[in-house]
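K.L.:
First, the structure itself, so that you have it in front of you.
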Amino acid sequence: MTTVLRKAAIVVAAAGIGLAGCTGVKESLGAAKQAPDETAITTRAPLVVPATFDLKNPQPGAPRPQDADVAGAAQKVLGGPAKQTAATQGEQQLLAASGAEKADPTIRQELRSEVREAGKRKSYADGVLFWRGKRGEEGTPINATKEEQRLNAAMPVKPVEDAPVIEKGSAEPVAESKKKKDKDDEDGGWFDWF
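Number 59 in numbering that gives the first Met the number 0 belongs to position 60 of the sequence shown; there are no gaps in the numbering.
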């Protein structure tokens with residue numbers, strides 16, 4: 000009896016672990032409720048049978064006649080178009096106190112030209128970041144022999160042409176102890192068996 004209970008417990012535990020690993024069991028069985036996405040819902044006008052079946056000439060850039068005007072619909076919901084009303088006495092006094100009647104009518108053009116001029120000027124940050132500036136045309140390649148002659152002529156002391164060339168090795172005889180040590184390094188060591 001105990002072996003049957005153990006087997007049943009193992010089967011139930013395995014089934015529980017298996018179902019716990021499946022996150023989409025509820026969705027695959029259709030038990031989960033799927034709410035519509037509110038951002039994906041759009042209203043479209045219903046299709047209508049036209050009075051005539053003649054095709055209209057295309058108007059490039061014109062909005063589709065089936066689509067509702069979103070801005071117009073929002074304006075209707077919020078209370079219709081803005082009504083043009085005369086300024087109140089308080090608004091008129093505020094404008095008079097601020098000197099709105101004396102405002103320069105060409106201020107927009109002046110500001111636009113100032114902004115354009117400021118864009119042309121090079122700022123300090125541009126000078127630091129892009130310090131190389133404009134690159135001109137490529138120069139001519141340098142002739143190595145002429146450049147060497149020019150540099151040698153500019154030096155206060157002329158280089159000696161017959162100076163001995165220093166080589167890497169030296170002509171001194173190597174000591175016997177050093178030869179023996181080098182031979183030991185070549186003949187064997189800890190890692191020769193690799």
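Note that CB positions come from ideal geometry on N, CA and C, so glycine has one too.
Rounded to whole angstroms, what is the Cα-Cα separation between Gly71 and Phe129?
P.N.:
Their Cα atoms are separated by approximately 48 angstroms.
K.L.:
Using beta-carbon positions only, say whether Gln74 and Pro80 come within less than 8 angstroms of one another.
P.N.:
yes
K.L.:
Thinking Ala31 and Lys25 are a contact (beta carbons under 8 angstroms), I'd like their distance in whole angstroms, please.
P.N.:
4 angstroms
K.L.:
Using the C-alpha atoms, what's the distance from Asp36 back to Val3?
P.N.:
50 angstroms
K.L.:
What are the boundary residues of the alpha helix (DSSP H) that Asp103 is part of?
P.N.:
That residue, Asp103, is in no alpha helix (DSSP H); it is neither H nor E in DSSP.
K.L.:
My output table needs one value for Leu77: the three-state DSSP class, helix, strand or coil.
P.N.:
For Leu77, the three-state secondary structure derived from DSSP is coil.
K.L.:
DSSP on Ile16, reduced to helix/strand/coil?
P.N.:
Helix at Ile16.
K.L.:
Tell me the rounded alpha-carbon separation between Gln91 and Ala99.
P.N.:
10 angstroms
K.L.:
Counting along the chain, where does the alpha helix (DSSP H) carrying Asp125 start and finish?
P.N.:
In the DSSP assignment, Asp125 falls within the unbroken alpha helix (DSSP H) covering Tyr123 to Leu128.
K.L.:
How many Å lie between Ala86 and Leu94 at the Cα?
P.N.:
Distance from the CA of Ala86 to the CA of Leu94, rounded to the nearest whole angstrom, comes to 10 angstroms.
K.L.:
Under the three-state reduction of DSSP, which class applies to Gln91: helix, strand or coil?
P.N.:
helix
K.L.:
Using the Cα positions of Asn56 and Ala50, report the straight-line distance between them to the nearest angstrom.
P.N.:
Cα to Cα, Asn56 sits roughly 16 angstroms from Ala50.
K.L.:
Rounding to the nearest angstrom, what Cα-Cα distance links Arg107 and Leu54 in this structure?
P.N.:
47 angstroms
K.L.:
In this structure, how does DSSP classify Gly71 when only helix, strand and coil are distinguished?
P.N.:
helix
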